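Notes follow once the structure below has been shown.
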Amino acid sequence: MRRILPYPVLSLGLFVASILLSASVAPPSLALAVLLALLAPIIMLALGVDRVRLKAPMAIIRLAIDVVGDVVRSNWAVSHIILGRRRHERTSGFIHIPLDLRDRYGLAVLAIIITSTPGTLWVEYEAATGRLLLHVLDLVDEETWVRLIKDRYERRLMEIFE
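Quick note, the sequence shown lines up with residues 1 to 162 if you use the working numbering.
Structure, rendered in structure tokens:
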């Protein structure tokens, strides 16, 4: 079975995404979905992509809930800044955050979380030192941001991936 579907979750995800994007279950749409679901994982296998080992599945749910809440709160705060209610109070800036997380998949998820949250942007990661350069639209207290990233996201990602 592993020869046909080396990454079964990826195959399922691609199949469902293809059907949803085409908004049809007509035979051509199903054929394309099956083709994607079978070929993409084989290409991933040929590229030598490591399998992801998730160690704490429940932490994924807790992390997802936190991320959704943070994105909603951040959207609200950024809208207030953009619409001018807090335009003059805002101080943007760059901060360095020392990360203990070294797993490349965990770092990729952290980059997605940070960049998808309005008002923050992953700028640079120095692999040798483990330092993340982060831009924050409304930088009030650097230590608060460091604690937020390390305690809220990095700790959970280390629990999941390392």
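Ideal Cβ positions, reconstructed from N, Cα and C, are used throughout, including at glycine.
Every value quoted in this text rests on a predicted model; they were computed, and no experiment measured them.
When the options are compared against residue i, the one with the closest alpha-carbon
i, options, result
"D103", "L157, E124 and G119", "L157"
"L14", "I149, L101, V34 and L47", "V34"
"V140", "K150, R131 and T120", "T120"
"V9", "L32, P28 and L36", "L36"
"R53", "T115, L134 and Y7", "Y7"
"L148", "V49, I97 and L47", "I97"
"R3", "A23, S22 and L45", "L45"
Neighbour-count burial assignment, residue i, 16 or more Cβ in a 10 Å radius
i, result
"T91", "exposed"
"D70", "buried"
"L107", "buried"
"P28", "exposed"
"S11", "buried"
"R18", "Per the sequence shown, the amino acid found at residue 18 is Ser instead of Arg. S18 comes out buried."
"V109", "buried"
"V16", "exposed"
Presumed contact (8 Å Cβ cut-off) between residue i and residue j, rounded CB distance
i, j, result
"Y153", "I113", "6 Å"
"V146", "L133", "V146 to L133, Cβ: 12 Å. No contact."
"V78", "L137", "6 Å"
Item to check | Inter-stretch contact at 8 Å, needing at least 3 Cβ pairs: the segment 57-65 / the segment 33-42 | outcome: Counting C-beta pairs closer than 8 Å gives fewer than three between the segment 57-65 and the segment 33-42, which falls short of the contact rule.
Next on the checklist: Give the list of continuous alpha helix (DSSP H) stretches no shorter than 4 residues that lie fully inside the segment 49-113.
Outcome noted: 57-82
Item to check | Three CB pairs or more closer than 8 Å across the segment 93-112 and the segment 123-136 | outcome: Verdict: yes, contact present.
Checklist entry - So, do the segment 62-82 and the segment 142-158 have three or more beta carbon pairs nearer to each other than 8 Å? => result yes
Checklist entry - What residue ranges within the segment 132-160 form continuous alpha helix (DSSP H) runs of no fewer than 4 residues, ordered along the chain? => result DSSP runs (the alpha helix (DSSP H)) wholly in the segment 132-160: 142-147.
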